[in-house]
Amino acid sequence: MDRTSLIAGMCLVMVVFLATVECTQGVGWDYWISRNVPAKSAVLQRSDEGTAKSKREFNPPCPCKEARLCNIVNMTVDREVYGFGVSLDPKVYAKYDWNKLTTLAQWNFTDDLMCLAHQHNVKLHLVGEYPYEQLTNLTYRQNWIRTHVDRVKREHLDGINFDPEYPIAKDSPERQALVDLVNQTKLALNREIPGSMVTFDAAWATYCVDERCYDYKGLADVSDFLFIMAYCVQGQIWGPCIAMSNTPFFRMMQGVKGFLALGIPSSKLVLGLPWFGYDYPCLSLNDDNICEIPQAEYHGAPCSDSVGDQRGFDEITFIVANTTIDEAHWSAEGQSPQFNFQNASGHQRQMHYDDAGSLLLKYIWAVSNDLRGVGFWHIGYLNEMDQTPERKLLRKRMWDLVPSTDSWDNYVQTTLLQSNDLSSTGVRGMADLNGDDEDGQSDEDGNNHAEPAVAAISDRRLQLKWNGWGYADSKFIVNKHGHVEFIGGRYGISGHALTHFRAWMVQALNIDLNFRTPSQKKPQPADYPPPVRCDAFFKELGKLEIPWSVDGEDRLARAHGHTLTEINILRTGKFARIPDLIVWPKSHDDVVKLVVLANAHDVVIIPFGGGTSVSQALMCLAHEKRMIVSLDTSQMNRILWIDDKNWTVCVEAGKVGQDLEAELAKNGFCTGHEPDSMEFSTVGGWVATRASGMKKNVYGNIEDLVVHIKMVTARGVIQKNCQVPRMSAGPDIHQFILGSEGTLGVVTEVVMKIRPLPAVKRYGSIVFPSFEEGVACLRQAAKERCWPASIRLVDNQQFRFGQALKCEAPSALGGVWDTARKFYVTQIKGYNTEKMCVCTLLFEGSESDVAHLEKRLYAIAALHGGMPAGEENGLRGYTLTFVIAYLRDLGFEYGVVSESFETSAPWDRVVDLCRNVKFRVKKECDLRGVRHPPLISCRVTQSYDSGACIYFYFAFNYRGLDQDPVHVYEEIENAARDEIIANGGSISHHHGVGKLRKQWLRETISDCGMGILKSVKAFIDPKNIFAAGNLALDDDLSSK
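As numbered in mature numbering (1 follows the signal peptide of the UniProt record, and there is no 0), residues -26 to -1, 1 to 1014 make up the sequence shown, in order.
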């Protein structure tokens, strides 16, 4: 800045300062402080002189019978139950649960309402509306602040709430002006009324929701707290125009985490929840219960919840009680109820709302994450005027589950143990009002005597499909235009019509879209088998304060992994045996107590992590007569410590992979372990299966990453006495734990290696004339140790499949033409589009290391006829890994069974093994009467000095097959496994053994090796309480 500009700038500052002091007439110094001192300092460093001048005795006479009720409410706890109200009718507000409320915010108050609220130590906040167009007008701001502060004093209120909700651009002066307004209001209000509060209503997420690009960090700094309006989340619908939950549970969580990520402390966040829902008109309602709604542009989005009618809780329960409900559902995405009905005009509608049960989940999450409190829009929606017994009970249930500030710390445990029925409204809830238990039984007095269960803990599985892979809101569908589309909004491919994938399905698998095989309906409570009970175990369990459940849905969700057989059972049949009890330990010590208890009472334990097993390891043995407990580690999800000197992290076994990486990234580290299932699989599961990740070339497999393991067994805790990189102390006990698949005990804590986040992450791809030449390139790269973080080679079938998944116009080469013109590739290079294949690459490291590695690898590729095919194709190929698993569910819908299986082989066997397995699979399909050509393809996914991991994808169309298609598939895969072993391949590279592949284990490790493992099992678990049946280790032990 030159001298002239500096002088001019100083003059401008002085002019603004003098003008501000002059026009503000007494509050100018506060204005000056607020605009020139950091916000936190401005709030905390008010002068004693200003405070001394602030006296309540200057207020108008007190209208209450007791003068003390006109004093400001001083709370002794920093917890909030913040309710918005609209009613001035004493018959309504007299029946609020004033013992739960801490603050009531309204636009208007009466003297009677003020006196009643203060009698119950409930604060009253005036909702102040400030016009957008005046945000930068300092004179208007001064007058507005004075007017509202005077009103708060005059009406004996306790604070001001800001609820602007208008668009503000990120780079506009109004953005900072809004922060200044809140800051200056708080300073003026605190000076006049010490102890008063200023709060601000925030959108549900920190990004520019409804074009509200507010400075939420600044607003949090200058206010007492933010009220996060975690509702109307569908105000802007960017994906398909369909009806969805008002407060989707997992988007709500993501939204709040966004505020925390800004550095806003949890003590400054109140979670606002809806006591209302949306009644949507359905243009169409398909078999998947998807209600297509009319388009309505809103702040740039093509669709919005504005096409629906907002219904209060009272209206919704009236509709339930007085309307024929077509079908009621529990939304997995929203963790809330919904139902279909026809209105008085006969039009199809779909209602999405929250009841006591769905709100309870959100209360628990808020309390568990130490938020300041919860709140509602609005409490009048309970229809306090309606005093029928049914309404009284519904209202009581809604209020009873609201956290109380005097028992906040014990809320989760006490509430869940006391809540027999969490569905207080809706179809189930209305039945309960008639005295029905969940199983249809009741006492003569109509009282519900169901056992207390605690299924409503923070359960990640609630966001997943019950009968397929992945998130419930994400899947491939055939849309109304006949195109395949991936819905859900979580992946890059989401929301795009894959206009050429249908043609590929027809060409590759001869799929007939008129031949549909939908899943059976989700089981009803009466469909689940009654649990086997060990009363002595239950009696002791009640003393441990460990959450548990015997709910049928909870038991079914933990009865399976994700093999084709297991998902087929969910869709078409019933498991012969499911767990009898689910427990959620929260620490290593909890697991010790549970294992001791199970051992004492001869109860079976099956550890459960993310549920992504593909070896049938989680299936219960059908002949097991003892009580089976599924020990769910999902609540053991903490990072216990990070050692930035030794580059290690200690993490509990239930930590999900993507959550671990996200949390480590905040501290500048990563493990680099990225299995295909990292969105759902857990650290304990990685150890139990000897997992491998896509970036193992740089970071290693799980056995390379593990430094220390703590595992609880029936004999005690197994662990080493130090955490060193290596030791020579006889056979490594970690090698017995790694791959033990729940047969020896429960992994509770793991110490893993970490590394600083890579400075550079770059993708790439190479196109080869043939699979053979691609394999030769990978072999040469392995010899020269020229390994990027990930290098994966797909054969021609998978290459063509990947092109069909593109959104843009495809060809045999699709997007590869971005960097390699068709003429050049086919005519000059001579590539045959029926044989060519592609290798996708991921480089991580420093800029110089990555550049050097790229140069070397592309040079090696050129020696084998390969040429670069662009970074975009590499990125796309890498990220598609996470959505491919969803395709199996689409196949199920249209008569196709599909699955993947993998192996490892020496380099000199890779090409022959791939060719022979493909031939064997096609031959077996012919022998078993499969009428349509199968799809069998492969890819090389991990490289080693001496060999590689090979993945196979196999699918066939079973139309016309006169046998059980899944049984036929199992027979063919078994034949393929025989062929793999005959060709020098392994039983498994990283999927594990479980029950699915245990028939080959003895052949794999020898009779002597099998005897060693069985001896370890017999010593560690003599009663066979870890009777999962995996690895064939317990075949000689008693399983009653």
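Ideal Cβ positions, reconstructed from N, Cα and C, are used throughout, including at glycine. Since the model is a prediction, treat every value here as computed from it, not as a measurement.
Asked	Found
If you compare alpha carbons, which of Pro996, Thr76, Gln158 and Leu100 is closest to Gln116?	Gln158
In this structure, how does DSSP classify Leu43 when only helix, strand and coil are distinguished?	helix
Identify whether Phe489 lies in helix, strand or coil by the three-state DSSP scheme.	coil
Looking at the secondary structure, which residues open and close the alpha helix (DSSP H) in which Asn314 lies?	It is not in any alpha helix (DSSP H) - Asn314 instead sits in the beta strand (DSSP E) that spans Ser310 to Gln316.
Mapping DSSP to helix, strand and coil, what is Val(-14)?	The predicted position of Val(-14) is uncertain, since its pLDDT is 37 and thus under 50; no value can be drawn from it.
Pick helix, strand or coil for Cys888, following the three-state DSSP scheme.	helix
Can you have a look at residue 1021 and say buried or exposed, based on whether 16 or more other CB atoms are within 10 angstroms of its CB?	Nothing can be reported for residue 1021: it is not among the residues displayed for the chain, which extend from -26 to 1014.
Along the beta strand (DSSP E) that carries His941, what are the first and last residues, could you check?	Careful: His941 lies outside any beta strand (DSSP E), inside the alpha helix (DSSP H) at Pro939 to Ala956.
Report all residues from its chain with a CB closer than 6 angstroms to the CB of Ser448; omit the five preceding and five following residues, and keep chain order.	Gly462 and Arg464
Cβ of Asp261 within 8 angstroms of Cβ of Pro492?	yes
Going by DSSP, what residue range makes up the alpha helix (DSSP H) through Ile676?	Ile676 to Leu679
Under 8 angstroms between the Cβ atoms of Cys923 and Glu953?	no
Taking the DSSP output, what are the residues bridged to Val625?	Ile613 and Val724
Taking only the alpha-carbon atoms, compute the straight-line gap between Tyr272 and Asp329 and give it to the nearest angstrom.	27 angstroms
Please state if the CB of Val895 and the CB of Pro908 are separated by a distance shorter than 8 angstroms.	yes
Excluding five sequence neighbours on each side, which residues of the same chain lie with their C-beta closer than 7 angstroms to the C-beta of Leu(-15)?	Residue confidence for Leu(-15) is low, a pLDDT of 38 falling below 50, so the modelled location carries little weight; the figure read from the coordinates is stated next. Excluding positions up to five away in sequence, the list is empty.
Check whether the Cβ atoms of Thr656 and Lys629 sit closer than 8 angstroms, and answer yes or no.	yes
Taking the alpha carbon of Ile836 as the point to measure from, which residue in Cys899, Glu637, Ala755 and Leu333 has its own alpha carbon closest?	Note that residue 836 is Ala in the sequence shown, not Ile. The shortest Cα separation from Ala836 among Cys899, Glu637, Ala755 and Leu333 belongs to Ala755.
Can you tell me whether DSSP reads Thr978 as helix, strand or coil?	helix
Please return the same chain residues whose Cβ sits closer than 7 angstroms to the Cβ of Asp413, not counting the five positions on each side in sequence.	Reliability fails at Asp413, whose pLDDT of 36 lies under 50, so the model's placement of it is uncertain and the value that follows must be treated cautiously. Pro499 and Ala500, listed in sequence order.
With DSSP run on the structure shown, which of helix, strand or coil describes Tyr67?	helix
Nearest to Leu515 by CA position, among Ala533, Met479 and Val603, is which residue?	Val603
Over the uninterrupted beta strand (DSSP E) stretch that includes Trp351, give me the two end residues.	Gly347 to Trp351
Beta-carbon within less than 6 angstroms of Ala306's beta-carbon, same chain only, minus the 5 sequence neighbours each way: which residues are those?	Ala446
Using only CA atoms, which one of Val183, Ser241, Leu901 and His321 lies nearest to Ala275?	Val183
Helix, strand or coil: which one does DSSP assign to Cys206?	coil
For Gly169 versus Asn135, is the C-beta spacing smaller than 8 angstroms?	no
Just to check, is the beta-carbon of Arg700 closer than 7 angstroms to a non-hydrogen atom of the ligand FAD?	Although the ligand FAD was asked about, the structure shown includes no ligands whatsoever.
Specify the secondary structure class of Lys370 as computed by DSSP and reduced to three states.	helix
Closest to Cys813 by C-alpha separation, out of Tyr852, Ser822, Arg830 and Lys829, would be which residue?	Tyr852
What residue range does the beta strand (DSSP E) around Asn135 cover?	Gly133 to Phe136
Leaving out five residues before and five after residue 1023 in sequence, what residues of the same chain have Cβ atoms less than 7 angstroms from its Cβ?	Outside the shown range of the chain, which is -26 to 1014, sits residue 1023, and nothing can be said about it.
Residues in the same chain with beta-carbon distance under 8 angstroms from Ile238, minus the five sequence neighbours each way, listed in chain order, please.	Tyr190, Lys191, Ala194 and Leu200
In chain order, what are the residue ranges of uninterrupted beta strand (DSSP E) at least 3 long that sit wholly in the stretch 90 to 170?	97 to 102 and 133 to 136
When the Cα atoms are used, what is the spatial distance from Ser248 to Leu1005?	At residue 248 the sequence reads Pro, which differs from the Ser that was named. Rounded to whole angstroms, Pro248 to Leu1005 spans 50 angstroms at the Cα level.
Could you compute how far the alpha carbon of Phe775 sits from the alpha carbon of Cys256?	35 angstroms
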